[in-house]
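Notes to accompany the following structure.
Residue numbers (my numbering): 26 to 127.
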């Protein structure tokens with residue numbers, strides 16, 4: 026899952042230091058509410074809005090699912106890089122700081 030792919034290959038998985046699931050579930054609920062209001066405005070009656078933390082985080086895993094379903098690959102932790110996307114990482118600069126590429 027999401028925690029498994031976070032961290033570095035030579036260390037245990039880490040929990041991200043923010044509440045991603047809560048935020049995503051709230052955003053999905055807000056989007057669903059807007060869609061329900063639009064349906065109501067078009068005369069399509071009431072709607073049910075259902076949002077869960079598990080499903081909200083699961084939708085972030087779409088690339089991992091394709092890797093597994095299409096090629097049987099299990100994505101492993103890769104530190105601060107994003108598998109298959111370059112350039113993306115944290116790079117040291119000559120002034121002793123770091124540059125982050127998304």
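Note that beta-carbon positions come from the ideal geometry of N, C-alpha and C, so glycine has one too.
Residue 77 holds the alpha-carbon nearest to the alpha-carbon of residue 53 among 77, 107 and 69. By the criterion of a C-beta distance shorter than 6 Å, residue 27 is surrounded in its chain by 82, once the five residues flanking it on both sides are discounted. Annotation for residue 106: 113 and 114 place their beta carbon closer than 8 Å to its own, counting only its chain and skipping 5 residues before and after. Uninterrupted alpha helix (DSSP H) stretches at least 4 residues long and entirely within the stretch 33-85 occur at 45-66 and 78-83, given in chain order. In the three-state scheme derived from DSSP, where H, G and I count as helix and E and B as strand, residue 98 is classed as coil. Judged by DSSP in its simplified three-state form, residue 116 adopts strand. For the pair residue 66 and residue 72, the Cα-to-Cα distance works out to about 11 Å.
Looking at the backbone, the Cα of residue 93 and that of residue 68 are separated by about 42 Å.
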